[in-house]
Every structure is written in structure tokens, then in C-alpha cells.
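Chemist: Below is the structure I would like to discuss, written out as C-alpha cells.
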Amino acid sequence: MDLEDVPGVGAKTAERLRELDDPAETLERGDVAAVASVPGISTGRAAHIVRGAIRARHDDPGGFLATDRAREVYDAVLALLQDRATTTYAERRLATLYPTASASRIAEVSAFAERARERTVDPAVTEALANVEPVERPDDVTVRDRCLATTDAETYREATAAFPELPVEIVEDARGLADLSRGYSSVIALDEAFAGVTIDGDVTVDPNALEHPEEHVPERALAFFATNRASLRAAAAVHRRAAVEAPIDLDTLEDALGDLGADGSVAGDDELERLSVAIDDLDAAVSTAESVANNRLREAIEERDVTIEGADLLSLVERGAGVDSLLSRELADEYAAAVTAARDHVADALALRDDEADLATRIFGDEPTYPVERREDAVSRLREELVAERDRRAAKRKRDLAARLADLRAGASDLVRDALELDVELAVARFCEDFDCTPAERAGAGFAIEGGRSPLLDVAFEAVEPVDYGVDGVALLSGVNSGGKTSTLDLVAVVVVLAHMGLPVPAESARVPAVEELHYHAKSQGTLDAGAFEATLRDFAALTRGADEKCVLVDELESITEPGASAKIVAGILEELHGAGATGVFVSHLAGEIRDAAAYDVDVDGIRAVGLADGELVVERSPQKDLLARSTPELIVEKLADEADDAAFYEGLLEKFDAGE
């Protein structure tokens, strides 16, 4: 598929889509999340692009929803589907389902819907889905403690493209590498020529570094999994609870994620934690050790009675000796004990190993002095050793963990995508369950709906009365005000829309014609002026062309002009649609007048009103064939004729109704 052949995809968007590993395959499977992961493409835009790709693949020109009211019905149906999705992704993905005349697309969605209907809606799965989000590609990973080096300009360009996270440097020779090693903790040389050359510093020669990036920049894999850790864990929970096969081993993934910190660091390593804590606490531990030593030494001095002979004192003064000499001669043992206590405190407080504790002994010298003071060079040396050991261990753990995770990368993305797609299926399953849906047949002329209930009514679906209705061609539908004529039209529209989306419909059974367009004209708000009336007539003139491929639903077209003229106009439109073999229903209060004006025997169906109860109409919701339904005024007059004292007046009025039939 050429990306620019997709409706709505221009050159700039196509260039962005090429950042995907396989853009054509991504569009083929309708992966809205993957398309939305491309910088500059929102989730809504991604759904639009995927929808365009579907139309291109099925050679679908679109245009099925030919009127505003038809689009409103589709939008309402889509909203009901989306309300049953848990994730935002599923909401957007459901927007790629649309009514069409393409048999291949309808068959594709029908197969998907049948799989969806077999799903069990489990609250535990829904709970896990709430935490699943499309995977994100971290784009802010930068590493500054190491670099790549090469002498070749072409290798430089390849390395820069392959390792955007690392600095890449050009050097002339081994001396240049040595210079780099003084500025970076480690250098990876990409040229074979450097193999065997002895260079001071941490320099690794790896001409194949571009083939295994996780070894030299493990932060890449770690950042991806750290960024998507919560979603991956939730997706794993979805697969377990739904008992569906996962694309990767879930235990392996969860074990690896358990070793990964939220910031991309390695977690769960006691030794690494010990080293990090030791580095952070080093200064505080040394300061406390100084206090320990000085307190002990002070106590020893305070408790000792030191006697100095005059000759000894004179000798000390003559030599310029001070307290240190006195300590060395008189309190050597006490000083040694104080220093030992200080050294032990550092080793214990920092949990140092024996080799590290040996370095710590140098922090406090053996020569007596008061007060006892640290040797800063020894503290710095211990810190350097601890940092170096921490960094070496962290780097190794990162490489090891990145190697484990790198093998899971593709499967991890699939894991999340499959969980999100499961949410799409579950939304369809909930829709079918909530509205008692069954697959509809697309065949023949006219339609037949049994036990249909409209999900668009403002009442609980369980309270909606089922409707049986069918037409062979074009029919007039009559009935009292508020009797359910418009609701019946809505039901027909919903069934036609869903059937052409490839989805089950809210009915016990249904058959609809395979049409290319749905024309649903809502009730006009008042009489139209001359210009609007002319435009409406032009619309219906165009509608009658190729009418055999259209389903036409019209609600009270007579309201566009005077009743006498509108009856004749509607009759003329019906004649054209009937002659073309169209399928349609016209709701009208002028059904009798239209029938009389038509040049053929128009089918007139009626929603029967059986009376009034407590001021409310009682109707039989399923239209009856060959019935011109009575009006509300007639029902009221009939009720008064039965109940009122002056019945003769009302019976006279009833005769007028009878005369008009």
C-alpha cells in the first residue's frame, strides 16, 4: 500500500508514518495505537488515517451516510459502542467501524463481531484493562558517561543514527582515544584497527557494536520498559484473567520487570543498594566516626592523671613538642583504641566489605593527634572505589537486564496491543449483550425486522417495547402523534446502519437490503421559504436517480409547504422511488391524501392507537399493514362520544371523520 494513496494522508504525514517499523502492515491491521505513537499524530487523527486505509484497501468510496440525520444515527450508535469500552484506545479503534456498501469490509467486521460475541465479559478483566495504555517510545534517553569513537566519517554517520542516545566522536589515532578516555568513564571504539592497542582508561574495541546496541546502551531497552512498566503489567494481568494466549512468556516478563526501577535503574540488587547507600552516607559516617574517636579520647584524657617529671617537660619544650608527643608517650593505647572504634564505626555504618574496610582504615592515621581528624585523601579514595564498584556493577546489571528485556521488546508491544484489541472486542460483546443483538441478513428488496428495539430511546432498554415491521418497497407510515412513528424510523435506521457496519443489530431477527446509501430526512422545523423549498426538491430529484441502491427514510416531509401541495409532491416522489425499486418509509399525517394523489396503489401502514388511558395514548407499537391509523383528535372525539352527556354532538363529529376516509 502506498501511504499517500490513503485518503487524508499527504506527503508530510506519510513521511511521519515511515518512522514505523512496517507502516503498511500497521495500517493493514488497523493499529490506531501504533499510528498515534508517531510524533505529531494524535489519537483522533490516527483513527481517521486508519479508517482511510481501510477504505483504500476495500476500494470503498464512502458516502453511505448521505444525510445529516443518517450521520446522527451513526454517531449515536458509535457512542453506545464507545461507552462500553474501558480504554481510550478502544474508543478510538471503534471509530474505525463505519457503515459501508463494501461486501468485503462488512464480511471482515462480521467475522470480528462473531469472535467478539464469544467473549465473556469479566469484571476482573475490565479492572485490569483500566490500567492498559498504548506503549510509548521514550525519546529523551541520553547517556553522557560513555561515547563511541571512530576514525571514519561514514561510520560516524551510521553510529550517530544507530545510537542517538550516545555522543559519537571522531579521533585520528590511539592518542585521541586515550584523550577521550580521560573525559568519559568508558569509550567504545568502532574501528577494527584499534584491536590489540594498549590504551589507558576503560576503552572497548567493538567493530560490531551497531549490531547489538543493548550491550553498549542498555538504557534504551530499560527506558522503554520503565516507561511502559505499568501498562505491561496490566496487559499481563488482562491475558491471565481472560485466559488468552500471550505473545511472550508472562513469568519471564514479570520477573524482568521486577528487576527494573521506575526510573530505568536496576532494582532488587542488594549489593548495588549497599554501594549506593555507602556512597550517600560516607561523609556522615566519617563525621560520626570522628566524634566517636574524639569522645573516647577526651574521656581517656579526663580520667588519666599524667605526671611529667621536670626534666621530661623541659625536654619536650626544648624539642618544641606538643600534645601529640604527650599523647604518643602517655596515651598511645587509648588513642589506638579510639581510632579503632572510629574505623569500626565507618565499616559498620557503611556495611563495607573487607577490602573496602582496609581502605577505610586509612581515613584515620596511626600517629596520635588531638583532635582526631579525617584524612581527606583517604576519604576521596574510598569514595572513588565505591563509586567505581557501584558503576561497574550497575553497568553489568543494566547490560544483563537489557539483554533479557531486548528479546521481549517486540512481544511486549504485541502484548499491550492484544490487550487493547481485546477491549475493542469486549466493547462489542457488551453492546450485543446489552441490546440483545443478532446478526442481520443483507439481501433482497425492502426490510423485515422482528422483535426490534431501538437503543436510542430515552428509556431503559428493558422497558422498550419490541417492534415487528417490514416493507417490500416504499411505504407510508401513519399514526397518531407520539405514537412511535419517528422511533420506528430510528429503529430501521439503526438496523440498516449496524448491518452495513458488519455488526449485529438489536432485534430477534432482521433482513435489510444491501444498499449503497442511507438517506434519512428528519422532520422539517416549519414551512420552508421558497429558496429552501426549491433546494429540498432538488435533493429529492437527485435521490430518485439510482434509487434502487438507496434506503430512504423520511419523517413528515409534508411540513415543508402547504398540506394540499405537499401531499401531491410526496405522491410524486413515491411514484419515482417505487418505479426505481427503492426501499423506503415515509412517515406522514397525510397518508390518505398522498395515497389518493399517487398514480399507483401505495402501501399504507399504521401504528394503531387503541385508546386513551389516564390522558395517555395506548398504542400497538408494531405497525400494521394496510392500516390508515386514526389521528389523536379522532380518538379524543370518540372517547367523548362514549362518556359525555351530549353524545350526539360528538357522534356528529365522528361522522365527519368517517366521511373523510
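FYI, the numbering for the sequence shown is 1 to 661, going by UniProt numbering.
Where is the CB? At the ideal position from N, CA and C, for every residue including glycine.
The structure displayed is predicted, hence computed values, not measured ones.
#1: So, L489 versus P134, is the Cβ gap smaller than 8 Å?
#2: Which class does D249 belong to by DSSP, given the choice of helix, strand or coil?
#3: When burial is assigned at 16 or more other CB atoms within 10 Å of the CB, is G584 buried or exposed?
#4: Does DSSP put Y600 in a helix, a strand or coil?
#5: Is L405 near L275, with beta carbons less than 8 Å apart?
#6: Under DSSP, the alpha helix (DSSP H) around S110 begins and ends at which residues?
#7: For V217, which of G546, E620, A403, L553 has the nearest alpha-carbon?
#8: Give the range of the alpha helix (DSSP H) segment to which F431 is assigned.
#9: Taking DSSP as the reference, what is the three-state secondary structure of R608?
#10: Suppose the cutoff is 7 Å on Cβ atoms and the five residues either side in sequence are ignored; what does the same chain contact list for A128 look like?
#11: Taking the beta carbon of Y600 as the centre, do at least 16 other beta carbons fall within 10 Å, making it buried, or is it exposed?
#12: Please report the Cβ distance between I199 and L148, rounded to the nearest whole angstrom; I am assuming they are in contact, meaning their Cβ atoms lie under 8 Å.
#13: In the DSSP output, which residue or residues are listed as bridge partners for F586?
#14: Please classify D468: does DSSP put it in a helix, a strand, or coil?
#15: Between which two residues does the alpha helix (DSSP H) containing A349 stretch?
#16: Can you tell me the Cβ-Cβ gap for E623 and L477, rounded? I've got them flagged as a contact below 8 Å.
#17: Helix, strand or coil for E127 per DSSP?
#18: Leaving out five residues on either side along the sequence, give the residues of the same chain with a beta carbon under 6 Å from the beta carbon of A14.
#19: Return the Cβ separation of A510 and A443 in integer angstroms, given the expectation that the two are a contact with Cβ distance under 8 Å.
#20: For S185, collect the residues of the same chain with a Cβ closer than 8 Å to its Cβ; drop the 5 residues on either side in sequence, then sort them by chain order.
#21: Less than 8 Å between the CB atoms is what I'm expecting for P7 and G52, so what's the real figure, rounded?
#22: To the nearest angstrom, report how far apart D255 and L408 are at their CA atoms.
#23: In or out: P61 buried (at least 16 other Cβ within 10 Å) or exposed?
#24: With distances taken Cα to Cα, identify the nearest neighbour of G452 among F461, V459, A463, V467.
#25: Nearest by alpha-carbon distance to D423: which of I54, D21, A124 is it?
#26: Out of curiosity, what's the CA-to-CA distance linking R16 and P39?
#27: In angstroms with no decimal places, state the Cα-to-Cα distance between A571 and E556.
#28: Going by other Cβ atoms of all chains shown within 10 Å of its Cβ, with 16 needed for buried, is D603 buried or exposed?
#29: To the nearest angstrom, how far is it from the Cα of V379 to the Cα of R298?
#30: Let me know the alpha helix (DSSP H) ranges lying completely inside the region 151–201, each 4 residues or longer, listed in chain order.
#31: What number of angstroms, rounded off, separates the C-alpha of E169 from the C-alpha of A162?
#32: Residues in the same chain with beta-carbon distance under 6 Å from E450, minus the five sequence neighbours each way, listed in chain order, please.
#33: Just checking my contact of E549 with E576 at CB under 8 Å: how many whole Å lie between their CB atoms?
#34: Is the Cβ-Cβ distance between V428 and L503 less than 8 Å?
#35: Go ahead and pull the three-state DSSP assignment for L518.
#36: Is the CB-CB distance between L260 and V266 below 8 Å?
Modeler: Reading it off the structure:
#1: At a Cβ-Cβ threshold of 8 Å, L489 and P134 do not count as neighbours.
#2: DSSP places D249 outside both helix and strand once states are collapsed to three, so it counts as coil.
#3: G584 should be labelled buried.
#4: Correct three-state label for Y600: coil.
#5: Cβ distance not < 8 Å, so L405 and L275 don't count as in contact.
#6: Where S110 is concerned, the enclosing alpha helix (DSSP H) starts and stops at 103–117.
#7: Nearest option by C-alpha distance: A403.
#8: F431 -> alpha helix (DSSP H) spans 409–434.
#9: Coil at R608, not helix or strand.
#10: Sequence-distant Cβ neighbours of A128 in its own chain, meaning closer than 7 Å and more than five residues away, are A234, A237, V238, R241.
#11: Exposed is the call here.
#12: Between I199 and L148 the beta-carbon gap is near 15 Å, outside 8 Å, which marks them as no contact.
#13: Bridge pairing for F586: L476, V554 [DSSP].
#14: For D468, the secondary structure class from DSSP, reduced to helix, strand or coil, is strand.
#15: Judged by DSSP secondary structure, A349 falls within the alpha helix (DSSP H) whose first and last residues are 332–349.
#16: Looking at the sequence itself, residue 623 is Pro, so the reference to Glu does not match. The Cβ separation is near 6 Å, so the contact holds.
#17: Looking at E127 - three-state DSSP - the assignment turns out to be helix.
#18: L3, E4, listed in sequence order.
#19: That belief does not hold up - the Cβ atoms of A510 and A443 are roughly 11 Å apart, past 8 Å.
#20: Excluding residues up to 5 positions away in sequence, D145, R146, D202, D391 lie with their Cβ nearer than 8 Å to the Cβ of S185 in the same chain.
#21: About 4 Å separates the two Cβ atoms, so the contact holds.
#22: Just so you know, the alpha carbons of D255 and L408 end up roughly 12 Å apart.
#23: By the neighbour-count rule (16 or more Cβ atoms within 10 Å), P61 is not buried but exposed.
#24: G452 has its Cα closest to that of V467, out of F461, V459, A463, V467.
#25: When only C-alpha atoms are compared, the closest one is A124.
#26: Near 7 Å, if we compare the C-alpha coordinates of P39 and R16.
#27: Rounded to whole angstroms, the gap between the alpha carbons of A571 and E556 is 13 Å.
#28: That one is buried.
#29: Roughly 24 Å between the two C-alpha positions.
#30: Taking only runs of at least 4 residues, the alpha helix (DSSP H) segments lying wholly in the region 151–201 are 153–162, 174–183.
#31: CA-CA distance, E169 to A162, rounds to 14 Å.
#32: Excluding five sequence positions before and after E450, the CB atoms of its chain that fall closer than 6 Å to its own CB belong to D468, E508, S509, given in chain order.
#33: Not quite, the Cβ-Cβ distance comes to about 14 Å (not below 8 Å), so this is no contact.
#34: The answer is yes: Cβ separation under 8 Å.
#35: L518 falls in the strand class under three-state DSSP.
#36: Contact flag set, yes.
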